[in-house]
Amino acid sequence: MESVSHRPGIEFRVAAAGPAINLLLAAVFLLVPGNLGKGGTLINLVFGLGNLLPAFPLDGGRMLRAWLASRAPLLAATRAAIAVSHWILLLALAIAGWYGEFLLALLLCVFLYIAGQEELMQVLLRTGTDSTVDPGEVMRRALRPDEKDKAEPPAPS
Numbered sequence: 141m142e143s144v145s146h147r148p149g150i151e152f153r154v155a156a157a158g159p160a161i162n163l164l165l166a167a168v169f170l171l172v173p174g175n176l177g178k179g180g181t182l183i184n185l186v187f188g189l190g191n192l193l194p195a196f197p198l199d200g201g202r203m204l205r206a207w208l209a210s211r212a213p214l215l216a217a218t219r220a221a222i223a224v225s226h227w228i229l230l231l232a233l234a235i236a237g238w239y240g241e242f243l244l245a246l247l248l249c250v251f252l253y254i255a256g257q258e259e260l261m262q263v264l265l266r267t268g269t270d271s272t273v274d275p276g277e278v279m280r281r282a283l284r285p286d287e288k289d290k291a292e293p294p295a296p297s
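Sequence positions in the sequence shown follow this note's numbering and run 141 to 297.
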């Protein structure tokens, strides 16, 4: 994924491939009779739909970053995708707590949080600069793109 992260269109397609395959396999397992078919369908649905969550660095989060990176610099898009991811993780913790699965969800959320921070550091090291575009601005650009907003403004001297 490292080599495609600076090419938003390719990153989006690569990230979408995993959940698409899981959902396709879930459809195939619908044709299989018995417990094998039910289990295969359920497992692939859980993986496919779970991976579509915009929790970075899951595939859904990578798809979100690719969409944002087509409208803002990669580092700013990564920060914005991670900010959205943090809200998704908090929501997941609340839902898991409601259903009595808080510890398992906490472990998953901690893992995703750390993985997202590591990805952010990798992008920061690769780009060599810090972005002057905050996550809120990236989201504004993504929701209302203008041609003049596509480039990051120059840093003040």
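Backbone N, C-alpha and C define an ideal beta-carbon position, used for all residues, glycine too.
Predicted, not measured: the structure shown is a model, and the values here were computed from it.
### Outcome for aspartate 199 when other beta-carbon atoms lying within 10 angstroms are tallied against a minimum of 16
Counted from its first residue, the sequence shown places residue 199 at position 59. Buried, by the Cβ-count rule.
### Message
Let's test the definition: count the other Cβ atoms within 10 Å of the Cβ of threonine 218 and tell me whether it reaches 16, buried, or not, exposed.
### Response
Indexing the sequence shown from 1 puts residue 218 at position 78. Buried, because 16 or more other Cβ atoms sit within 10 Å of the Cβ of threonine 218.
### Query
My guess is that leucine 165 and asparagine 184 are in contact by the Cβ rule of under 8 angstroms, so how many angstroms apart are they, rounded?
Here the question's residue 165 lines up with position 25 in the sequence shown. Here the question's residue 184 lines up with position 44 in the sequence shown. Right, the Cβ-Cβ distance comes to about 4 angstroms (below 8 angstroms), so this counts as a contact.
### Task
Could you check what DSSP says for leucine 165 in three-state terms: helix, strand or coil?
To locate residue 165, count along the sequence shown from 1; it is residue 25. Three-state DSSP puts leucine 165 in a helix.
### Backbone secondary structure at tyrosine 239 - three-state DSSP
Taking the sequence shown and counting its residues from 1, the one referred to as residue 239 is at position 99. Looking at tyrosine 239 - three-state DSSP - the assignment turns out to be coil, as it is neither helix nor strand.
### Query
Is asparagine 266 buried or exposed, if buried means 16 or more other CB atoms sit within 10 Å of its CB?
In the sequence shown, counting from the first residue as 1, residue 266 sits at position 126. Residue identity check: residue 266 is arginine in the sequence provided, not asparagine. Counting Cβ neighbours within 10 Å, arginine 266 comes out exposed, since fewer than 16 surround it.
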